[in-house]
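K.L.:
One structure coming up, written as structure tokens, with questions to follow.
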């Protein structure tokens, strides 16, 4: 029976009825240690030594940039130089990596530009960086062992759970490189460990240790979510346990007053949500405090944000835009310039649709496009204005093409590539109030939604704009995922997007070409750095991170779908050396992965069997066995599902490393289920407890198999040995496609 369930005492048939009626799910239960303490610590020391060996062996190999080290090593260098960058992940783990570089006295000069760049020649302290990941990967193993020990599982069960991660090739690879996954996986493991410790004090709520472990769980959760946003799945896992516990406490038979219930609720709200969120915000505060200089991430941010950075080009290059200025117009996302030329759309497209057969309007990214007269546009007012009058947002303008003398126009004709969007073209009809004139009117909107009704001075590079067609209310847009065919010279299509709120409708006036020599706008007057409240900066960055995360939908040669992960059907090529025919291939321990799937399937079978037999009045499992089946095992199974199944709903790029937190929890689950299988669970069993011979035999066989796979695939995990072609072919298991197999 659950510890929670023993809080309220019942007698007679009422107690029996309540016990049979109440579901027992997702509620980890504290149980007395199954083995003597010295055996636990002996086994713990042994698996920790193996974890150290697997993570630190050959850690200096290869002495060059591997896979995503190009990103996270680079970000560490930006932190050390204090130059602003943009990334999709929260800052916690990246700050830790940068801290290692700062501790060893590195200046961040090397930027990790390309896979294969040499560390030794560039004096990069890469071993210190990798050792930090290896330390975290090593600690994950004993934390897992201690997690199962905390809730009363035997030494073999704890050992097996630890072994599945200790000898897993994917976990080893990820915790030997300059990546975020070692931090993520350790944080997930620590979260489960802290929560398991918390549940052991459920019978004594609001005591010092109860508060300590509840708070520790929240801190660990904050580390998970502050490393990667998939950490929200760990929140779901803990949330399942917490919500079930609160549901049990809500039962009036528990005898808790409304005040006590409120205290339980708000204690969890504070420790698991509010306090962790404050820690999460703290890492962003540190992030902004360090990155004070203009850098490669400037272009992602608003002009207001950029003006808070030291040496920002905004202060020097942002110039007031006036009517009759000749400007280039740049698309923010693709960096392409609005362009036209003396060539028409074909009368009929390849799919049979008819065009207007008028002058093409496109976008170009050629480096010389900015000085091309065909990429220059004069801003024409629609009312009488004085010379030198400034352009503001919400103004209605016309854009005259300098190269050919016509005016930009869009109308209700389908664009070449996007049949639901409007075609952009050029008109030469300048007769006021004609249809063509009306179709050449555009309103400049500030791209920030809350600035819709505010007039703001337009400046080059600084003010993001949406160019809205007055007549048909579409936004000028371009894209680079598909380009125009030969008749369009391979340029980007420009079209009218009906979804005005899309962030990728954003443009800027990039450069002014006809500014007189005596124009005061040429004078550079140094400006004071703008100050923006922290929460405003955080909110802007947060929105951009979520937006760009959702845009990661393009194909990748090593991306894989979630259905391939539990069986480790395919992996990722991290690094290869063509000269020495060496490689690092990211793949899980196939035997370990398949064992976990087998145990997950067995568990579902046991649940179904228990439910079906009880429906027929047959009670096969005693109460203690059912408590463990539905409580600790049920919680871990739900945790695995919470970390795995949501990926089926995501449209972004997905890789095998996304499965590692789920694999880690499945390892805990497998250790726990092995003990359940090897225990006396039937009602009226003559011998209670775990069958030691049975569990030791089963764990030993599985451990040998898992360790064998690790050593067999060791050459492609460490990348230190060149295998003969035949040996490479032997390791092409399942859908694994290794280099140098011929």
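Numbering (UniProt numbering), first residue to last: 1 to 742. For each residue, glycine too, the CB sits at the ideal point set by N, CA and C. This structure is a prediction, so every number in the text was calculated from the model and none was measured.
Between residue 360 and residue 341, how many whole angstroms is the CB-CB distance? I'm expecting something under 8 Å.
P.N.:
For the purposes of this step, residue 360 is taken as the residue at position 360 of the chain shown. For the purposes of this step, residue 341 is taken as the residue at position 341 of the chain shown. Right, their Cβ atoms sit about 7 Å apart.
K.L.:
Less than 8 Å between C-beta atoms, sequence neighbours within five positions excluded: which residues of the same chain meet that for residue 263?
P.N.:
Within the chain shown, the letter at position 263 stands for residue 263. The residues are 206.
K.L.:
For a minimum of 4 consecutive residues, which ranges assigned as the alpha helix (DSSP H) are wholly contained in the segment 185-267?
P.N.:
If we require 4 residues or more, the alpha helix (DSSP H) runs fully inside the segment 185-267 come out as 208-225, 232-250.
K.L.:
Here's the rule: buried if 16 or more other CB atoms are within 10 angstroms of the residue's CB, otherwise exposed. What is residue 527?
P.N.:
Taking the chain shown and counting its residues from 1, the one referred to as residue 527 is at position 527. Residue 527 is exposed by the Cβ-count criterion.
K.L.:
Give me, in chain order, the residues of the same chain whose beta-carbon lies closer than 6 Å to that of residue 25; leave out the 5 immediate sequence neighbours on both sides.
P.N.:
The sequence position of residue 25 within the chain shown is 25, counting from 1. Per-residue confidence for residue 25 stands at a pLDDT of 39, beneath the threshold of 50, marking its modelled position as unreliable; the derived number appears in the next sentence. Excluding positions up to five away in sequence, the list reads 630, 634.
K.L.:
Let me make sure I understand the geometry here. Which of 47, 655, 388 has the alpha-carbon closest to that of residue 520?
P.N.:
Taking the first residue of the chain shown as 1, we reach residue 520 at position 520. When only C-alpha atoms are compared, the closest one is 388.
K.L.:
So, is residue 278 buried or exposed, given that buried needs 16 or more other C-beta atoms within 10 angstroms?
P.N.:
On the chain shown, residue 278 is found 278 positions in, with the first residue counted as 1. Burial call: exposed.
K.L.:
Which residues in the same chain have their Cβ closer than 8 Å to the Cβ of residue 428, if we skip the five residues on either side of it in sequence?
P.N.:
By one-based count along the chain shown, residue 428 stands at place 428. Cβ within range, chain order: 405, 406, 407.
K.L.:
What residues match up with residue 363 in a beta bridge as DSSP calls it?
P.N.:
Taking the chain shown and counting its residues from 1, the one referred to as residue 363 is at position 363. Paired residue(s): 338, 492.
K.L.:
Please confirm whether residue 225 and residue 280 have their CB atoms less than 7 Å apart.
P.N.:
For this step, residue 225 is matched to residue 225 along the chain shown. For this step, residue 280 is matched to residue 280 along the chain shown. Yes, these two residues count as a Cβ contact at 7 Å.
K.L.:
Count the other C-beta atoms from every protein chain shown that fall within 10 angstroms of the C-beta of residue 335, then say buried if there are 16 or more, exposed otherwise.
P.N.:
Your numbering for residue 335 matches position 335 in the chain shown. Exposed is the call here.
K.L.:
Between which two residues does the beta strand (DSSP E) carrying residue 407 extend?
P.N.:
Within the chain shown, numbered from 1, the residue matching residue 407 stands at position 407. Note, residue 407: beta strand (DSSP E), 407-414.
K.L.:
Mapping DSSP to helix, strand and coil, what is residue 570?
P.N.:
As a first step, residue 570 must be located in the chain shown, where it is residue number 570. Three-state DSSP puts residue 570 in coil, outside helix and strand.
K.L.:
Please state if the CB of residue 314 and the CB of residue 303 are separated by a distance shorter than 7 Å.
P.N.:
What you label residue 303 is simply residue 303 of the chain shown in a count that begins at 1. What you label residue 314 is simply residue 314 of the chain shown in a count that begins at 1. Closer than 7 Å, so yes.
K.L.:
Considering only C-alpha positions, which residue in the set 470, 296, 494 is nearest to residue 414?
P.N.:
As a first step, residue 414 must be located in the chain shown, where it is residue number 414. If we check each option's Cα against that of residue 414, 494 comes out closest.
K.L.:
Are the CB atoms of residue 141 and residue 166 within a distance shorter than 7 Å?
P.N.:
Within the chain shown, residue 166 is the residue found at index 166, counting from 1. Within the chain shown, residue 141 is the residue found at index 141, counting from 1. Their beta carbons are under 7 Å apart, which means residue 166 touches residue 141 by this criterion.
K.L.:
For residue 540, tell me which candidate among 102, 713, 306 has the shortest Cα-Cα distance.
P.N.:
Working through the chain shown from its first residue, we reach residue 540 at position 540. Selected option, being the one with the closest Cα: 306.
K.L.:
Please name the residue, chosen from 697, 234, 191, that lies closest to residue 645 on a Cα-to-Cα basis.
P.N.:
Working through the chain shown from its first residue, we reach residue 645 at position 645. For the residues 697, 234, 191, the minimum Cα distance to residue 645 belongs to 234.
K.L.:
Rounded to a whole number of angstroms, what is the C-alpha to C-alpha distance between residue 83 and residue 108?
P.N.:
Looking up residue 83 in the chain shown gives position 83. Looking up residue 108 in the chain shown gives position 108. Rounded to whole angstroms, residue 83 to residue 108 spans 10 Å at the Cα level.
K.L.:
Residue 689: buried (16+ other C-beta within 10 angstroms of its C-beta) or exposed?
P.N.:
Stepping through the chain shown from its first residue, residue 689 is reached at position 689. So residue 689 counts as exposed.
K.L.:
Going by DSSP, what residues sit across from residue 445 in a beta bridge?
P.N.:
To locate residue 445, count along the chain shown from 1; it is residue 445. Bridge partners of residue 445: 466.
K.L.:
Could you check which residue in 38, 115, 41 has the C-alpha nearest to that of residue 73?
P.N.:
For the purposes of this step, residue 73 is taken as residue 73 along the chain shown, with counting starting at 1. Among 38, 115, 41, the Cα nearest to that of residue 73 is on 115.
K.L.:
Short check: CB of residue 385 to CB of residue 443, under 7 Å?
P.N.:
Position 385 of the chain shown, counting from 1, holds the residue named residue 385. Position 443 of the chain shown, counting from 1, holds the residue named residue 443. At least 7 Å separates the beta-carbon of residue 385 from that of residue 443.
K.L.:
Can you list, in chain order, the residues of its chain whose CB lies under 7 Å from that of residue 311, leaving out five sequence neighbours each side?
P.N.:
Taking the first residue of the chain shown as position 1, residue 311 is located at position 311. Listed in chain order, the non-local C-beta contacts of residue 311 below 7 Å within the same chain comprise 293, 294, local neighbours out to five positions each way being set aside.
K.L.:
Tell me the rounded alpha-carbon separation between residue 181 and residue 110.
P.N.:
By one-based count along the chain shown, residue 181 stands at place 181. By one-based count along the chain shown, residue 110 stands at place 110. Going by the C-alpha atoms only, they are around 22 Å apart.
K.L.:
Taking the straight line between their C-alpha atoms, what separation do you get for residue 731 and residue 566?
P.N.:
Along the chain shown, read from residue 1 onward, the residue named residue 731 stands at position 731. Along the chain shown, read from residue 1 onward, the residue named residue 566 stands at position 566. Approximately 19 Å between the Cα atoms of the pair.
K.L.:
Taking the DSSP output, what are the residues bridged to residue 287?
P.N.:
By one-based count along the chain shown, residue 287 stands at place 287. In the DSSP output, where bridge partners are listed per residue, residue 287 has none listed.
K.L.:
Can you say whether residue 522 is buried or exposed, counting buried as having 16 or more other CB atoms within 10 angstroms of its CB?
P.N.:
Residue numbering aside, residue 522 sits at position 522 when the chain shown is read from its first letter. So residue 522 counts as exposed.
K.L.:
Helix, strand or coil, according to DSSP, for residue 545 in the structure here?
P.N.:
Along the chain shown, read from residue 1 onward, the residue named residue 545 stands at position 545. Of the three classes helix, strand and coil, the one that applies to residue 545 here is helix, per DSSP.
K.L.:
What residues in its chain sit with their C-beta under 7 Å from that of residue 470, if we drop five residues either side in the sequence?
P.N.:
As a first step, residue 470 must be located in the chain shown, where it is residue number 470. Cβ within range, chain order: 396, 441, 442, 443.
K.L.:
Whose C-beta lies closer than 7 Å to the C-beta of residue 698 among residues of the same chain, with five residues either side of it excluded?
P.N.:
Position 698 of the chain shown, counted from the first residue, corresponds to residue 698. For residue 698, where only same-chain residues beyond five positions count, the Cβ hits under 7 Å are 674, 678.
K.L.:
Indicate the three-state DSSP secondary structure (helix, strand or coil) for residue 302 in the structure shown.
P.N.:
By one-based count along the chain shown, residue 302 stands at place 302. Coil.
K.L.:
Taking residue 344 as the reference, give the member of 399, 416, 299, 324 with the closest Cα.
P.N.:
Reading the chain shown from its first residue, position 344 is the one you call residue 344. It is 416 whose Cα lies nearest to the Cα of residue 344.
K.L.:
Classify residue 730 as helix, strand or coil using the three-state DSSP reduction.
P.N.:
Counting from 1 along the chain shown, the entry for residue 730 is found at position 730. Helix, per DSSP.
K.L.:
Cα-Cα, which of 613, 588, 379, 284 is closest to residue 510?
P.N.:
Along the chain shown, one-based indexing puts residue 510 at 510. It is 379.
K.L.:
My understanding is that residue 362 touches residue 479, with C-beta atoms under 8 Å, so please give their C-beta distance in whole angstroms.
P.N.:
Taking the chain shown and counting its residues from 1, one reaches residue 362 at position 362. Taking the chain shown and counting its residues from 1, one reaches residue 479 at position 479. Actually they do not touch by this definition, with Cβ atoms about 12 Å apart.
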